[in-house]
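A.B. asks: Input: one structure, supplied below.
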Amino acid sequence: MLPPDEPTAAIACTVNGQAIRTQVPLRRSLVDWLRHDVGLTGSHVGCEHGVCGACHVRVDGLVVRGCLMLAVQADGAAIETIEGAADALTLALQQAFFEKAALQCGFCTPGMILQAAELLAANPAPSRAEVREALSGNYCRCTGYQPIVDAVMAVGAALHAK
Amino acid sequence: MKPARFDYARPATLAEALALLAQPDAAVLAGGQSLMPMMNLRVARPALLVDINRLPLGEITLAGGTLRIGALARHAEVLASPLVALAAPLLPQALAQVAHAAIRNRGTLGGSLSLADPAAELPACMLALDATLVVASAARGERRIPAGAFFLGLYSTALASDELLLAAELPAAAPGWRFAFLEVARRHGDFAMAGVALALGPNAARLALCGVEAGQRRQPAAEAALAAGDPAAAIAALASTDAMDSPELSAAHRRHLAQVLLRRALAHLEAADAAA
Amino acid sequence: MTHIGQPLPRAATARLVAGRGSYLDDVSARGEVHAAFLRSPYPHAGFRITGTEAARALPGVVAVLTEADLAAVCQPWQTKTGSAPGMVSPPQRALAKDEACYQGEPIAMVLALSRAVAEDAAELVEVEWQELPAITNLAAALEADAPPAHQGLTSNLAWSTELKGGDIEAAFAAAALVVEDRLTFTRSTGVTLEPRGVLAQYNPASQALEVRISHQMPHQLQRHLADLLGVPLGRVRVICPDVGGGFGLKMHVYPDEIATCAAARLLGRPVRFVADRAEALLSDIHAREHIVEARMAVDAEGRILGFDVQDVQGLGAYSIFPRSSTTEGVSALRSLGAPYRFSAYRGRLRSVLQNKVPTGQYRSVGHPVGIAVAERLVDLAAAARGEDPLEFRRRNLVAQAEMPWVNPLGARMAELSHQQCLAKLEALLDLPTLRTEIAAMRAAGRCIGLGFASIVEFTATGPEGYGRAGVLVAAVDTVVLSLEPSGEVTARASISEIGQGTTQGLAQVVSDALGVAPDQVLMGSGDTATTPHGGGAWASRGAAIGGEAAWGAGRKLRAEVLAAAAALLQCAPETLDVRDGRITDASGPRMTLAELAETVTFRGYELPAGVQPQLTVAHHYRREQDTALTTNGFQASLVEIDAETGIITPLRHWAVGDCGRLLNPLLVEGQVRGGVVQGIGEALFEACRYDETGQFLSGTLADYLLPMAGEMPDITVAHVETPYSGSVLGAKGAGEAGTAGAPAAILNAVNDALAPHGASVSELPVTPGVVLRALGRLA
Ligand SMILES: Cc1cc2nc3c(=O)[nH]c(=O)nc-3n(C[C@H](O)[C@H](O)[C@H](O)COP(=O)(O)OP(=O)(O)OC[C@H]3O[C@@H](n4cnc5c(N)ncnc54)[C@H](O)[C@@H]3O)c2cc1C
Ligand code: FES
Ligand code: FES
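Protein chains in written order, with my numbering: chain C, 520 to 681; chain B, 429 to 704; chain F, 54 to 832.
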């Protein structure tokens, strides 16, 4: 519920392919709006100052920090969250993360997977160093990163084999 | 960590944007990668956000020996642009070290230059590339400001509060010039502890530092020494920079890094020459 | 097919990779209000709240609460423990009263329809502050003229103790060599990626409190909420959903969390509080602030005679409730030198109050400090003797034949495998080749160092630990199993899941104990209403204690199943077995567990009279011998230093550990690697800094640096398995050894790299500035 005088604006966008037309509070971030208003809680909030990458979502196909965009800026955009990302790369990464134990608490995982998918889309055969560099804006406090790198490399190798 | 209240406008034309910027306490919202964190932390509290993301200011063109990069060009676009690689090869070297992929997808050239963070890479590049910054306001129309007159100090530029940065214009790299951007950062993508942006030409040099002085500027003494073919003197000249002092990073520490980096930048160019 | 020991992926993570987890902030309650706290901007100040009207008047604000409001429903608390008798730690309140003793201490609370409005209103609360002298610097806190951390205290010394054994004077008198150093450890903090958060609801009609919270031990919190809020224990329900990281950070009693529950009780409507990152860094426990002066005596043959240690430990403004921050100091002293044979020890601990957020138990409590100190001394001794650091260690490690070994501190160690771990490490490293490579790199002008650390970790604390100290921390754990009519087994464990994967390990144990596939075991944990009382997640207890409970419960259920099946099949239970969900005899499968459970549940008339199968069983387990289970291991680190910039790059890292029986190597390796990286973070990056006036400087993640993917090395992990003989499964704790040893290995590697330059460092984190100063490149 919103306080009676909180300024809002109308937006229209698609979220995971579904059209939405609604009012959003001006000062609500994209990730807060997705989580609390749309009900898509797969993108997480770890810092709200752009450092951790837990809030990653795709806006018009590009991975961005959901905490550094306002919901009102999503007007006209196509938003994708981990729940709706159904591209083959994302699905393969989800499976590889599962198999290689590339997550423990899982809080970083959605943001990490979206970032990894963007990397592999541009560079299907990255080196370990390239994977580490591409994921350098995503914190994981649990895994020590290595199994994450392993999972991304495995998906890359599978792509390459095709 | 939620921002204080603000009004929001998303102008569709430049004229509209400039009119909005004339209002008190208005702030430009470009990529938001610096402004939004500051607003979330309530360090910045603009009354009106003027979202310029719908303005056609993102173009990158190369014509008549001038590379023009629109203020809204995203770091990722500049980094990947073949025109930039051709005409300003210093920029991709620097941008590869700016933040992280997702931030580069949103962050803009104009935002970085307008913010004038002392540790940011791009202002130093503009100085070393002898850029001219094109700005506009409703009251005074368009102005063209040489980079050297644009950066005035810690988070301070020649932009008036009602002015919008439109583009950076850079003379395309002339034959015989070589470029090196080197920095030291604690971690990948962190703001630089210190960085050097170096353009070295035949009997000429342009050198700027980031992370060292509060206001980014060219280093005339070092440039003169480089132009005179005396690298040792150039390195020595950096010992007298007016470096910032902070608990984790003392002035002496920053100066030391600047000197190390300049030496490495010169060695790097020399090695590249030898290889060519 | 046995599942114990198999590297099975964790069933629970299928949800998490899909973004379908359920963390604290993923669920809301109808009618909820959002809390924001006004926190002290000063490290030490008296205050008076002079006006809340402006805050209350803001549209959307529901209430503004101060200590006076909460006092009606919430008691203060005070940390007391038999293991630190006489400790001085003043009472603490959910909201401070009159005096704020650390920056970030909550003094007022706003409840509003959105968090943004709650933050707006918190800015409008009017406070008269009277700044008081603050003490934050640890070295200065014990000086005679230091300002007291709380008004009215005569000294900041909260507690001191001496742990000793053997004749320390004689040891040092007999020494052929004495090495010494003073090591400084800067505060670090856990930074779970999911910050702390709580959603509390109170039903005034049933007088019941329901608390969803991102927490490691629901039952401990249930007890404290009951006590502090005066609600009968049975009417407090604590639910821990998916937890986005714990590391010890989420097991303490935090004022803001208690205030949230108290506010829910006062208002009778749901109250949500989710710490933002800035307040998390300010208010989460910090840890590991120590200044240690240590000496080690060595005889002419290079045998360690004894350690003489002085540790000054920063507590912050309070000793953390309920476990007491002093535990960290004691643990540091206890772990110091534990792998080695020596005959005399004197360790003096002084635990000091400061105007900083309290320190508390954080992953591998104290061990990283004690191990770094001892391993530094060991390297110094080896260097002084002109000897290989591994040779020196090899000579001094307690041999298997000498175990059980009780060291002069009274720490009992059994079934450790130092020699095998060392041998395995040497094989992994291929030491001769590596040494040649290092020599070549050094010859090429690179600054390279190899460092080692030998580790003993005290894990899976039994009832002796907190029980004797009178602290209400459960050391018993329980698993309840029910065979469902579908043939699936629902399991409810008092152990909780915070991402370590314990529930997967327990599912594998139940699977083998009973004879069903692991995916037929549905694990539940983290809810006081549905799981039995127990310890939750602390001290790497999941496998060692929870695993035994799971085994016991699985065997009980198996016996029930066999008895029931035998009754139905009219045969002797001994002729039957349960395999992969089927009851079999010599001829093959006779019925499925589903058929059995259906019969018992729906068609009980088919059973002979007097047969009452118990398809729900429970098993409790408490460890009986030894306060803690000791584990051991070795780590090695290879680092490169850029001697001009001071930047340290960890190139490779190796960890060999013995945590007893591995329930699931995939999980253990995850714990080790994650732990190592946390230890590397502590060694190279992480620091809670304060300026001279006591202002906190590390309040964002741009200032508090965590290890990131780009800088971390690949970590080679290997195991030696010496099962604990005192339990059925033989598992010991595995969750913390990585963190315990990594700082020591890095510190030694850095010093190995600096040695040819005649430089050394004794400070963590080893920042570029520390390196450059050591090298004389900076004043
Ligand atoms: C985790 C993290 C790491 C980062 N690391 C680096 C790094 O290593 N190096 C680095 O340089 N940067 C770094 N950044 C900052 C990033 O590069 C920003 O994108 C950039 O500094 C600002 O660009 P923006 O488009 O996002 O600007 P915004 O955040 O939108 O705006 C920044 C400021 O400039 C003003 N402004 C923006 N555009 C204009 C314009 N056209 N005319 C007038 N005023 C304008 C705004 O009002 C505001 O005051 C990092 C950011 C984050 C979150
Ligand atoms: S929550 Fe957006 S980067 Fe951390
Ligand atoms: S799995 Fe916990 S933060 Fe990455």
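By construction, the Cβ of each residue, glycine as well, lies at the ideal position given by its N, Cα and C atoms. Given the structure is predicted, the values throughout are model-derived calculations rather than measurements.
1) Could you pull the start and end residues of the alpha helix (DSSP H) that Gly518 of chain F belongs to?
2) Is any beta-carbon of chain F found at less than 7 Å from that of Glu618 of chain C?
3) What would DSSP say about Gly538 of chain B, mapped onto helix, strand or coil?
4) Taking 6 Å as the line, does the beta carbon of Ser542 of chain B fall inside it for any heavy atom of ligand 1?
5) Hey, quick one: how far does the alpha helix (DSSP H) through Ala181 of chain F stretch, first residue to last?
6) For the alpha helix (DSSP H) holding Arg322 of chain F, just list the boundary residues, first then last.
7) Over what stretch of residues does the alpha helix (DSSP H) that includes Asp701 of chain B continue unbroken?
8) Among F:Pro571, F:Glu468, F:Gly558, F:Leu282, which has the Cα closest to the Cα of Arg594 of chain F?
9) Do Gly17 of chain F and ligand 3 come close, with the Cβ less than 6 Å from some heavy atom?
10) Using a beta-carbon distance cut-off of less than 9 Å, what residues from the region 522-555 of chain C approach chain F?
11) Report back the beta-carbon spacing between Glu774 of chain F and Leu719 of chain F to the nearest angstrom; my notes put them in contact at under 8 Å.
12) Could you please give the first and the last residue of the uninterrupted beta strand (DSSP E) stretch that includes Gln34 of chain F?
13) Would you mind telling me which residues of chain C sit closer than 7 Å to Met621 of chain B, beta carbon to beta carbon, in chain order?
14) Which of the three DSSP states is assigned to Arg387 of chain F in this structure?
15) Tell me whether the region 665-672 of chain C and the region 438-455 of chain B touch, counting them as touching only if at least three CB pairs, one residue from each stretch, are closer than 8 Å.
16) Can we count Ile488 of chain B as close to ligand 1, meaning its CB is less than 6 Å from some heavy atom?
17) Is it right to say Thr652 of chain F is buried, meaning 16 or more other beta carbons lie within 10 angstroms of its own, or is it exposed?
18) Taking Gly400 of chain F as the reference, which of F:Arg146, F:Ile501, F:Ala427 has the closest Cα?
19) So, with DSSP's three-state summary, where would you put Gly359 of chain F?
20) Residues of the region 155-167 of chain F with a CB closer than 9 Å to any CB of chain C: list them in chain order, please.
21) My parser needs the beta strand (DSSP E) runs of 3 or more residues fully inside the region 262-342 of chain F; what are they?
22) Counting only Cβ pairs nearer than 9 Å, list the residues of chain C close to His503 of chain B.
23) In terms of residues, what are the limits of the alpha helix (DSSP H) holding Leu639 of chain C?
24) So what does DSSP say about Thr514 of chain F, is it helix, strand or coil?
25) Do Leu302 of chain F and Thr239 of chain F have their C-beta atoms closer together than 7 Å?
26) Mind pulling the chain F residues with CB within less than 7 Å of His679 of chain C?
27) Ala89 of chain F by DSSP, collapsed to three states: which one?
28) If we ignore side chains and look at the alpha-carbon of each, how far apart do Gly504 of chain F and Arg438 of chain F end up?
29) Could you tell me which residues DSSP puts in a beta bridge with Leu668 of chain F?
30) Does any heavy atom of ligand 3 sit closer than 6 Å to the C-beta of Arg168 of chain F?
31) Is Arg660 of chain C near ligand 3, judged by its Cβ being under 6 Å from some heavy atom?
32) Measuring CA to CA, which of B:Arg473, B:Gly535, B:Pro439, B:Ala508 is closest to Pro484 of chain B?
33) In the region 440-470 of chain B, which residues sit with their C-beta less than 9 Å from some C-beta in chain C, listed in chain order?
34) For ligand 4, I want to know if Leu246 of chain F counts as a neighbour, meaning its beta carbon is within less than 6 Å of at least one of the ligand's heavy atoms.
35) Say whether the region 665-683 of chain F touches the region 601-616 of chain F, bearing in mind that this needs 3 or more beta-carbon pairs closer than 8 Å, one atom from each stretch.
36) Return the chain-ordered ranges of every beta strand (DSSP E) run that is complete within the region 682-768 of chain F and spans a minimum of 3 residues.
C.D. replies: With the structure as the only source:
1) Run containing Gly518 of chain F: 517-522, per the alpha helix (DSSP H) assignment.
2) Yes, its Cβ sits closer than 7 Å to a Cβ of chain F.
3) Three-state result, Gly538 of chain B: helix.
4) Remark: the C-beta of Ser542 of chain B is in contact range of ligand 1, defined as less than 6 Å to any heavy atom.
5) The sequence shown places Glu at residue 181 of chain F, rather than the Ala named in the question. Here Glu181 of chain F belongs to no alpha helix (DSSP H); instead the beta strand (DSSP E) covers 179-184.
6) Taken as a continuous stretch (DSSP letters only), Arg322 of chain F belongs to no alpha helix (DSSP H), as it is neither H nor E.
7) First-last of the alpha helix (DSSP H) with Asp701 of chain B: 679-703.
8) Nearest option by C-alpha distance: F:Gly558.
9) Nothing can be reported for residue 17 of chain F: it is not among the residues displayed for chain F, which extend from 54 to 832.
10) Answer in chain order: Pro522, Pro523, Asp524, Glu525, Pro544, Arg546, Arg547, Asp551, Arg554, His555.
11) Between Glu774 of chain F and Leu719 of chain F a beta carbon distance of about 15 Å is seen, past the 8 Å cut, so the two are scored as non-contacting.
12) As displayed, chain F neither begins before 54 nor continues past 832, which places residue 34 of chain F out of reach and without an answer.
13) None at all; the shortest Cβ gap to chain C is about 16 Å.
14) Per DSSP, reduced to three states, the secondary structure at Arg387 of chain F is helical.
15) Contact fails: fewer than three Cβ-Cβ distances are below 8 Å.
16) Checking every heavy atom of ligand 1 against the Cβ of Ile488 of chain B, none is found closer than 6 Å.
17) Buried, because 16 or more other Cβ atoms sit within 10 Å of the Cβ of Thr652 of chain F.
18) Nearest Cα to Gly400 of chain F within the set F:Arg146, F:Ile501, F:Ala427: F:Ala427.
19) Strand, per DSSP.
20) The region 155-167 of chain F vs chain C, Cβ under 9 Å: Ala165, Leu166, Ser167.
21) Fully enclosed beta strand (DSSP E) runs of 3 or longer: 289-292, 324-327.
22) Here the premise fails: no neighbours, minimum Cβ distance about 12 Å.
23) From DSSP, the alpha helix (DSSP H) with Leu639 of chain C extends over 628-641.
24) Correct three-state label for Thr514 of chain F: coil.
25) No, they are not a contact pair.
26) Near His679 of chain C there are no residues of chain F at all, since even the closest Cβ is about 21 Å away, more than 7 Å.
27) Strand, per DSSP.
28) Gly504 of chain F and Arg438 of chain F have their alpha carbons spaced roughly 17 Å apart.
29) According to DSSP, Leu668 of chain F bridges with nothing at all.
30) Answer for Arg168 of chain F: no, Cβ out of range of ligand 3.
31) Yes.
32) Closest option to Pro484 of chain B, Cα to Cα, is B:Pro439.
33) Within the region 440-470 of chain B, the residues whose Cβ lies closer than 9 Å to any Cβ of chain C are, in chain order, Leu457, Gly459, Gly460, Gln461, Ser462, Leu463, Met464, Pro465, Met466, Met467, Asn468, Leu469.
34) For the structure depicted, ligand 4 is absent and the ligand set comprises only ligand 1, ligand 2 and ligand 3.
35) Inter-segment contact for the region 665-683 of chain F and the region 601-616 of chain F is present: three or more beta-carbon pairs are separated by less than 8 Å.
36) Those beta strand (DSSP E) runs which fall completely within the region 682-768 of chain F and span 3+ residues are 682-694, 701-711.
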